[in-house]
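What follows is a single structure, written as structure tokens, with notes after it.
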Amino acid sequence: MIAVGGSGFFKGKIEKFCSSALKLEKNIVEIPNGSEVEISSQLVRAIMELEQCPHFNCGFGSNLTIEGTVECESAFICSDNFAFGGIAAVIHFLNNS
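Here the numbering used here is used: position 54 in the sequence shown is 260, and no number is missing along the way.
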């Protein structure tokens, strides 16, 4: 699995944050409303970790649209069976299940 935390200009090295997101072992995470949710997918856990890392542009520092709003996208591909998926033009969305 490859983790990319967004594009842009970053101060310092950010590879360690992607690496640590891929190595998460915790299965319980706290979501913004204070609840906890069990996460069994390594992919989902890595995405959630990168979204909450202030060193990336995930969700808040993305390039703006012509209207001045933030729209985010995400994608994945699995080399084992060539499964793929993605989302685009998502607004007001963070770690929802």
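Just so you know, even glycine gets a beta-carbon here, dropped at the ideal spot from N, CA and C.
Bridge pairing for residue 281: 292 [DSSP].
Here the alpha carbon of residue 259 sits roughly 14 Å from the alpha carbon of residue 250. For the pair residue 297 and residue 275, the CB atoms are nearer than the 8 Å cut-off. Considering only 223, 222, 226, 295, the residue with the shortest C-alpha distance to residue 272 is 295.
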